[in-house]
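Notes to accompany the following structure.
Number of protein chains: 2
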Amino acid sequence: MDETRGTETDRDVQIDLIAVLVAVIAGTPSVLTIGGGDKLPSGPFELGHRSLQSGLRAWVERQTGHPLGYIEQLYTFADRDRFGRGAGRAISISYLGLTRPEEVDGSAESRWTPWYAHFPWEDHRAGLPAVLAEKIEPGLKKWAASGGDGQAQVARWQRASSIFGFDDRSWNEELVLQRYELLYEAGLVAEAHRSHGPQAGDAPGKPMFADHRRILATALARLRTKIKYRPVVFELMPPVFTLLQLQRTVEALSGRLAHKQNFRRLIEQQELVEETGETASDTGGRPAKLFRFRPSIHMERTLMGTRVPITRS
Amino acid sequence: MDETRGTETDRDVQIDLIAVLVAVIAGTPSVLTIGGGDKLPSGPFELGHRSLQSGLRAWVERQTGHPLGYIEQLYTFADRDRFGRGAGRAISISYLGLTRPEEVDGSAESRWTPWYAHFPWEDHRAGLPAVLAEKIEPGLKKWAASGGDGQAQVARWQRASSIFGFDDRSWNEELVLQRYELLYEAGLVAEAHRSHGPQAGDAPGKPMFADHRRILATALARLRTKIKYRPVVFELMPPVFTLLQLQRTVEALSGRLAHKQNFRRLIEQQELVEETGETASDTGGRPAKLFRFRPSIHMERTLMGTRVPITRS
DNA sequence: GTGGCTTATACTCTAAATGAGTATAAGAGA
DNA sequence: TCTCTTATACTCATTTAGAGTATAAGCCAC
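Written out as structure tokens, the structure reads:
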């Protein structure tokens, strides 16, 4: 099996670990960035590291002063052209990490960036984002119209509209990555233009370094999928919270609103939380009971499911 | 953190691509193996490869004579001790691939191995597998009883019973990896004993080379999860099939039986398939209508969902 | 060619889950 | 006390899911 080995196989291959660290800060889902807010924390995987995870922890903590809690592997990339030709090649192993607000500090080099700044079309909490109708839909219409023969054009538009929910199709919040990739393909995000030419300024969403925005999209998609069947939200919550706070966090992640009464029904019937006995009176209305996550149920739920209701319209 | 390092960041790191290639052959879910049936096809990622996927394709096709269709990335491993100390270290990027029976041939070096040979406890189609009550439950009871103080013992047994569905808890077919890892931890699979000592013969399920069985477990878990919400089963079906054949394939993957009438209802209402107009008369009873996958719905369903009914008991 | 075996296919029934809404409670502040 | 705000309890209709009954349409043995 080892034909051409020995010379080049195991040389010039750099292994990078990239972290997408997420926290919800004052209701705003945010990602930890370095370098002026457009780079994800990352660093090389070194021989001294015991494992990929521990390598990542070491790097991120050094680079951001931020200790890592829950982390999970996202995806491994290896594009030859990732950093231009001739530079050898890099393999990037990306991770998703979740942290609580209390643990948030932000060091000199790192800071928390609201992720919807990079994906304004993903936040539907206040209704359809304007950017969809103003830039994305016309942009994709043009892209579809430029695609080969009639049939190919129809196929392009079908793809676009089913992914983005145009023409009265429903919005699926999990398709973050597909949407980003489609925009990239259609040249509607700045990263698609190597030279960052004239279009870059007009393209929706703040661009990021190299393919970091794609990685962030992967993370968002994974998180939105995961909160529906694993109780990971709690990794983002303070130890004690009201049900509305919990709901707001879920909404921040999924980018859409939930039906309050049904949300509460679902959470309670799943026995994920228990009352602390105290109430929070700073809510502006009737004081809300405070809850904590039920640790006893933790393992069980990690295995089984959690569900979250989201309004249909 | 950089204890024993020197200059060597990008040296001595070998990158392996590992394929878990799945096909359902005559109702038996199988995995492509080499080396006498205990190894997954794999090979180094080389500079000449355009991407991870194309590297994998090249390797597998050369090694097994088997062209790859649908593939998706599974997980990236990097254990320092994977191949013993001093051997540098290896990073393994694993992929799951699905193929159709027609494409199945099996070359000299490769062959198809029924995967339940490696995971006999995962096949519940003919009721609870005997190995559960005979070996696994007593083995895990013993393991639980040997774990620290009373509380720790209870916690161990709780974990075991909720993962394996003991004590009248329900079986969750998706927890393939958790079950394998628990068995490993409890020393109940041969791989847990480096020396392959006396217990190896008694341990349930055929062992595999290195950590290949863990990778296979990862693949099985992913596949069982995925068939529930993406129409990937069709990658495993011939172009034309009866609904019962489709059902048998789903059952083979999930390891449990489905309710025939409800299965049909679900498949039909989802409009995943369409009649070809022909019937198959070799089914032993009333001839069954033949169906094909609806290509028009393919993209849409790739984005949206597919569901599959499974009997509760 | 008829009765019995097998699988296919159509329906029915019931319970649970889900989406949406109404009604009432309990604080703060004018 | 009235009003505003949020919290919380219930109700209702629809959909989905699990399970079962009934009927259809082939083959085969006799």
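Protein chains in written order, with the working numbering: chain A, -9 to 303; chain B, -9 to 303. Cβ atoms here follow ideal geometry from the backbone N, Cα and C, with glycine treated the same way.
Return the Cβ separation of residue i and residue j in integer angstroms, given the expectation that the two are a contact with Cβ distance under 8 Å.
i: glutamate 164(A); j: alanine 211(A); result: 6 Å
i: proline 119(A); j: proline 110(A); result: 5 Å
i: serine 32(B); j: alanine 9(B); result: 7 Å
i: isoleucine 81(A); j: isoleucine 5(A); result: 5 Å
i: alanine 176(B); j: leucine 213(B); result: So it is not a contact: roughly 25 Å between Cβ atoms.
i: arginine 203(A); j: histidine 108(A); result: 6 Å
Counting C-beta neighbours from all protein chains within 10 Å, is the total for residue i 16 or more, i.e. buried, or is it exposed?
i: glycine 245(A); result: buried
i: glutamate 124(B); result: exposed
i: arginine 75(A); result: Confidence at arginine 75(A) is low in this model, with a pLDDT of 45, below 50, so the placement of that residue is unreliable and no value is reported for it.
i: glycine 195(B); result: buried
i: threonine 239(B); result: buried
i: arginine 159(B); result: exposed
i: alanine 116(A); result: exposed
i: aspartate 139(A); result: exposed
i: threonine 273(B); result: exposed
i: arginine 47(B); result: buried
i: proline 228(A); result: exposed
i: glutamate 51(B); result: exposed
i: proline 285(A); result: exposed
Just to confirm before moving on: does the CB-CB distance between residue i and residue j stay below 7 Å?
i: leucine 88(B); j: glutamate 241(B); result: no
i: proline 221(A); j: leucine 262(A); result: yes
i: serine 84(A); j: leucine 58(A); result: no
i: glutamine 141(A); j: alanine 134(A); result: no
i: leucine 86(A); j: glutamate 62(A); result: yes
i: valine 14(A); j: valine 21(A); result: no
i: tyrosine 170(A); j: alanine 207(A); result: yes
i: leucine 243(B); j: isoleucine 217(B); result: yes
i: leucine 178(A); j: alanine 193(A); result: yes
i: leucine 42(A); j: alanine 145(B); result: no
i: threonine 66(B); j: threonine 66(A); result: yes
How far does the alpha helix (DSSP H) with residue i in it reach, from first residue to last?
i: leucine 234(B); result: 233 to 244
i: valine 144(B); result: 140 to 154
i: leucine 130(B); result: 127 to 135
i: leucine 64(B); result: Premise fails: leucine 64(B) lies in the beta strand (DSSP E), 60 to 67, not in any alpha helix (DSSP H).
i: valine 166(B); result: 166 to 175
i: leucine 256(B); result: 250 to 259
Considering only residues of the same chain and omitting the five flanking positions on each side of residue i, which have a CB-CB separation below 6 Å?
i: aspartate 157(A); result: Ser151
i: methionine 198(A); result: Asp28
i: glutamate 258(A); result: none
i: glutamate 99(A); result: Ile24
i: tryptophan 147(B); result: Ala134
i: proline 104(A); result: Thr18, Ser20
Taking the continuous beta strand (DSSP E) assigned at residue i, which residues delimit it?
i: proline 34(A); result: 32 to 34
i: alanine 180(A); result: Segment: none, alanine 180(A) is in no beta strand (DSSP E) and carries neither H nor E.
i: phenylalanine 199(B); result: Unbroken run through phenylalanine 199(B): none, as it is neither H nor E.
i: glutamate 112(A); result: No beta strand (DSSP E) contains glutamate 112(A), which DSSP labels as neither H nor E.
i: leucine 22(B); result: 18 to 24
i: phenylalanine 283(A); result: 278 to 283
i: glutamate 268(B); result: 263 to 270
i: arginine 101(A); result: 100 to 104
Take residue i and list the residues in its own chain whose beta-carbon comes closer than 7 Å to its own, dropping the five residues that flank it on each side.
i: threonine 266(B); result: Val230, Leu280, Phe281, Arg282
i: tryptophan 161(A); result: His114, Gly155
i: glutamate 264(B); result: Phe281, Arg282, Arg284
If I measure Cβ to Cβ from residue i and keep anything under 8 Å in the same chain, skipping five residues before and after, which residues do I get?
i: lysine 250(A); result: Leu234, Gln237
i: tryptophan 102(A); result: Ala13, Ile15, Ser20, Val21, Leu22, Thr23, Val94, Gly96
i: arginine 276(B); result: none
i: threonine 269(B); result: Pro277, Ala278, Lys279, Leu280
i: leucine 149(A); result: This sequence places arginine at residue 149(A); leucine is not what is there. Hits under 8 Å: Leu172.
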